[in-house]
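To convert, note that position 805 of the sequence shown is 805 in UniProt numbering; the numbers rise steadily by one, no gaps.
The beta-carbon is built from N, C-alpha and C at its ideal position, and this holds for glycine as well.
Bear in mind the structure is a predicted one, so any value in this text is a computation, not a measurement.
Input: a single structure, listed below in structure tokens.
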Amino acid sequence: MLPRLHLQSDVDPVVLTFLHELEAAGFSGDIETQYSSRLAVSTDNSVYQQLPQAVIHPKSTHDVTLIGKLSTKPEFERVTFSARGGGTGTNGQSLTKGVVVDLSRHMNQILEVNAEEGWVRVQAGVIKDQLNDAVRPYGFFFSPDLSTSNRATLGGMINTDASGQGSLKYGKTSDHVLSLQAVFADGSMLETDLSRGLPNAGEYAAVAMQVTETVCREKRAQIVEKFPPLNRFLTGYDLKNAIDEATDQFNITRVLCGAEGSLAFITEAKLNLTRIPKARTLVNIKYDSFDSALRNAPVMVEANALSVETVDSKVLNLAKEDIVWHSVSDLITDVPGKTMQGINIVEFADQDDALVASQVATLTARLEQMVANQEAGIIGFQVCDDLPSINRIYNMRKKAVGLLGAAKGRAKPVPFTEDTCVPPENLADFIAEFRQLLDSKGLAYGMFGHVDAGVLHVRPALDMCDPKQELMMHEVSDEVVKLVAKYGGLMWGEHGKGYRSEYGPEFFGDELFTELRRVKAAFDPHNKMNPGKICTPLDTNFELVKVSDTKRGYFDRQIDVQVRDSFKQAMECNGNGLCFNYDTSSPMCPSMKVTADRRHSPKGRAGLVREWLRQLTEQGIDILDLEKQTLETAPTIKTMIERVRNRMNKRHEYDFSHEVYEAMNGCLACKACASQCPIKVDVPSFRSRFLNIYHSRYQRPVKDYLVANIESMLPVMGKAPRLVNGVIAQKWVQSLTASTVGYVDAPLLSVPTLAQRTRRHPVAHFDMQRLASLSQADRDQHVIIVQDPFTSYYDADVVEDFIALAVKLGKKPILLPFKPNGKAQHIKGFLQQFRTTAANTSAFLSQVADLNIPLVGVDPALVLCYRDEYVEVLGAERGDYQVLTVHEWLQPRLREFEARDAGQEEPWYLLAHCTEKTKMPNVEKEWGAIFAHFGATLQTVPVGCCGMAGTFGHEVDKLQMSKDIYGLSWKPSLDKLPKERCLITGYSCRSQVKRFEQVKPKHPLQALLTLL
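Right under this line is the structure:
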């Protein structure tokens, strides 16, 4: 039986005392010391892992000042802090052994938009795309463009002085910061434009201003000489740009930008905005080699392009294997007879349409000539000038960071030398030598980046669970530092220093690095702010962090290699954080969106499972053997009694497994992560395995048994639906069910039943022998309808209407006898029962498939279960059959049905099921084509998860979360639309809308029936 897992690392009593006093002082935010919360922020998008003492989430600048003021007490001198935003850093900037101060959960408000003057004031936790969505109606955007723009916070961008695509024209984040609100380690506060006056004498803020200006002026000559004249100027304490050359004014804002939270907390920022270009065009240029793409980039820059982004063949090939390629395959087509080994994405943008058109025409004319003459390795190009297509291409490019982590095998491309910056004219030679270095080590790698600025992201593939390869990482890192120096560049051109801070002294030299330490001492004399990053205070013995510090691989390698391979959906998460996506219409990840709790995300859940596996290995538990036992043996009476006893003692005994369970319990099993995550972190897969093993020790709640057995109960309940509905409708029954079972809003059975409804239609009885005796031509006129429990018993009119639709289309429908699907068993972790269900149903469907008659189901989630979970649990035993969704059956057969002219009626609106959209990315387009064939217009409504997800929304402990998720995108969308014209493919989604809107929406097939 699974053992209890004890707490692995106690919190420092001094930190606990500090947190208690902080709360008593009026701190209004959240304070978390549980192991799971700390573990969730122990990693970012780097290779490092550091477990903090606590995580605190302030709600206001006042909360942050309380942190600083209280920490000045002598007894709290060793309490240190690290600010955190989106946690997307590639160099461990926000990782700490101290206290994480996470400003993303609550401090995420846009405070003021001044459209007349073109600026905005935001809190540090505002996400970049969130800001752009808010200012777009005014005709503005915040121009520094990151690949992580849908989850990176403005505070994080400021702290790393982030930039990205378009930086030749738009510059870095610091170029757009008008002023900052900074809170220092003593709690003193400074508005850097001095709009709130000078700080009081003696406060850290006052000392910092005076000392830093002195350093900037007295060491001006050395600073200008040392800092390279690059577009991607040095990240860190930007002493060079702190003095404005035109006005000779000192601006402390520049010093705080890029300081990685090592000088002060940034709580608010005033930012300037850029006018959205009226004209934008992309030219996607294809090359026969990546070297050709690099060497040709200066030609693109000379064409006055806004940006030149490059992607190598490795990234392109990974993109082609990902769901994202469906959106760009027609925009970046292969060249017949040629192999595309790299592309340059060249953008022109301006307020002047004619200027952009002229620039594009000049470049394309030159490109046509170069293609004809076989010059520069150019094999072709495509022009793209509509905004949706441009955005799709950039979304593919943005996903490149995560896609590299999806490379097959144990060695994964990892960030540690990935934002080197050299003068663009040196880039091709620099990369050639860089590649020689990596090739000499036998390393595979992927490359992409901003060739216009001389910045390339290079990620060598390493197995960080192998100590020898970890050592190789350190060797390569040291060599790249020398290589960058040789070509007159920087090791930190874009993504900050973090754990590469140890290279600072070598780059700056002793004299100038001493001045950086003097600045750090003025801001933070006791080294409390993100200690060890960039530099340490002068006249102290504190040490810098090291490239060789503790990494994720150190913990992961403690897990048995067979277990790592078996749980690779969790183990391979690289922390890219796409699951923190701000967009409410994105299906991933609904629980994270409404809780703002990193544990309730695919990344958080993957990290918790990794630690759970590590602790089990540490205790000598063979997790695969234990899992095998749960799948092959039934529990004894003694075991069940023990489980009940363990459950009763659950609240009294610590077990890390409970913290993992809490995170897993909030998962909707919507499967969006399985396709939307570039690494394919499939939470429902390892969640079901965890629940199966967890409940080998702890008794399940009653509701789990209800959900897992609902498919067996429904045929019995369906024999007397009016009686069952009458009982369920009683208030006292609903109250009793909620309090004892934990289940609410139980749906009513369909009346008339499906069996009664089928008598109204010419639907054939399923007879295997009769159907087998038919000719193939006769069989082609039939369609077999595969029942699922929810539509057949709760939404029978949908199945009836599908029968009627098939008849209208000249087909002969056959209703297959009901066979349980088992998805609910899988979701709840009843894996032994699910395997039995899947095996039985698969055997039956395989026999039916031999008839060579289409099998069609009306609910996408249940249909997709046959393709996903069945394959996962049965493997080759699943059999060779395919159950289609309604649109998959209709779309290829449209030529068989008479087309209709477009009518004048108002459009229909499609709200597709989240699992369906992520597993079948063309579903909305194909439904649109089907409706167009029959003379109707179908418009897609971008929505995320509805919050029902099977039975999730019916469980008492999930009810509020279900309502909150529904309120993210479904409710706002439906409020704007005529609900009678809204079409919904998923039963769960229709059930959720019916519950909250008191209207019964149609399935798209029902709208088609009305058209016919």
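Any idea if residue i is buried or exposed, counting beta-carbon neighbours within 10 angstroms, 16 or more meaning buried?
i           : result
residue 833 : buried
residue 820 : buried
residue 101 : buried
residue 195 : exposed
residue 326 : exposed
residue 732 : exposed
residue 32  : buried
residue 880 : exposed
residue 801 : buried
residue 98  : buried
residue 288 : buried
residue 439 : exposed
residue 236 : buried
residue 114 : exposed
residue 474 : exposed
residue 456 : buried
residue 417 : buried
residue 54  : buried
In the DSSP assignment, find the alpha helix (DSSP H) that holds residue i and state where it starts and stops.
i           : result
residue 607 : 602 to 618
residue 460 : Per DSSP, residue 460 belongs to no alpha helix (DSSP H); it is in the beta strand (DSSP E), 455 to 462.
residue 35  : 35 to 40
residue 684 : 683 to 694
residue 348 : Run containing residue 348: none in the alpha helix (DSSP H); it sits in the beta strand (DSSP E), 342 to 350.
So residue i packs on residue j, CB below 8 angstroms; how close in whole Å?
i            : j           : result
residue 306  : residue 349 : 5 angstroms
residue 274  : residue 140 : 6 angstroms
residue 803  : residue 761 : 5 angstroms
residue 741  : residue 702 : 5 angstroms
residue 555  : residue 614 : 6 angstroms
residue 285  : residue 335 : With a Cβ gap of about 11 angstroms, residue 285 and residue 335 do not count as contacting.
residue 311  : residue 342 : 7 angstroms
residue 451  : residue 413 : That belief does not hold up - the Cβ atoms of residue 451 and residue 413 are roughly 19 angstroms apart, past 8 angstroms.
residue 264  : residue 124 : Their Cβ separation, rounded to whole angstroms, is 11 angstroms, which puts residue 264 and residue 124 out of contact at 8 angstroms.
residue 1003 : residue 798 : 5 angstroms
The beta strand (DSSP E) that contains residue i, what's its start and end?
i            : result
residue 271  : 265 to 272
residue 545  : Residue 545 -> no beta strand (DSSP E), and no H or E assigned at all.
residue 447  : 445 to 450
residue 381  : 378 to 384
residue 181  : 177 to 183
residue 114  : 110 to 114
residue 1074 : Residue 1074 falls outside the range modelled here, since the chain spans only 1 to 1012, and no answer is possible.
residue 32   : 30 to 32
Could you tell me which of the options sits nearest to residue i, measuring between CA atoms?
i            : options            : result
residue 588  : 179, 965, 199, 107 : 965
residue 697  : 750, 627, 680, 68  : 627
residue 213  : 196, 182, 256      : 256
residue 676  : 20, 917, 992, 817  : 917
residue 229  : 44, 487, 84, 388   : 487
residue 117  : 215, 127, 60, 272  : 272
residue 50   : 315, 162, 553, 146 : 553
residue 897  : 935, 328, 700      : 935
residue 602  : 654, 682, 363, 863 : 682
residue 597  : 543, 37, 11, 657   : 37
residue 492  : 839, 151, 160, 223 : 160
residue 824  : 521, 461, 952      : 952
residue 999  : 980, 1012, 1007    : 980
residue 1008 : 992, 985, 993      : 985
Decide yes or no for the touch test of the region 355 to 364 against the region 316 to 327: beta carbon pairs closer than 8 angstroms, at least 3 of them. No, the region 355 to 364 is not in contact with the region 316 to 327.
Do the region 651 to 670 and the region 606 to 618 touch if we need at least three Cβ pairs shorter than 8 angstroms? yes
Could you say if the region 83 to 93 and the region 478 to 497 meet the contact criterion of at least three C-beta pairs nearer than 8 angstroms? yes
Counting beta carbon pairs with one atom in the region 390 to 399 and one in the region 428 to 442, are three or more of them shorter than 8 angstroms? Remark: fewer than three beta-carbon pairs, one from each stretch, lie closer than 8 angstroms, so the region 428 to 442 and the region 390 to 399 are not flagged as touching.
Is the region 885 to 895 touching the region 945 to 961 in the sense that three or more CB pairs, one from each, lie closer than 8 angstroms? They do not touch, by the three-pair rule.
Determine contact between the region 8 to 25 and the region 72 to 92, defined as no fewer than three beta-carbon pairs at a distance below 8 angstroms. The region 8 to 25, when compared against the region 72 to 92, does touch it at the 8 angstroms Cβ threshold.
Does the region 163 to 172 come within contact of the region 144 to 152, defined as at least 3 CB pairs closer than 8 angstroms? At 8 angstroms Cβ cutoff, the stretches touch.
Does the count of Cβ pairs from the region 572 to 584 and the region 539 to 551 closer than 8 angstroms reach three? no
Count Cβ pairs between the region 851 to 863 and the region 777 to 796 that sit closer than 8 angstroms; are there 3 or more? Yes, the region 851 to 863 touches the region 777 to 796.
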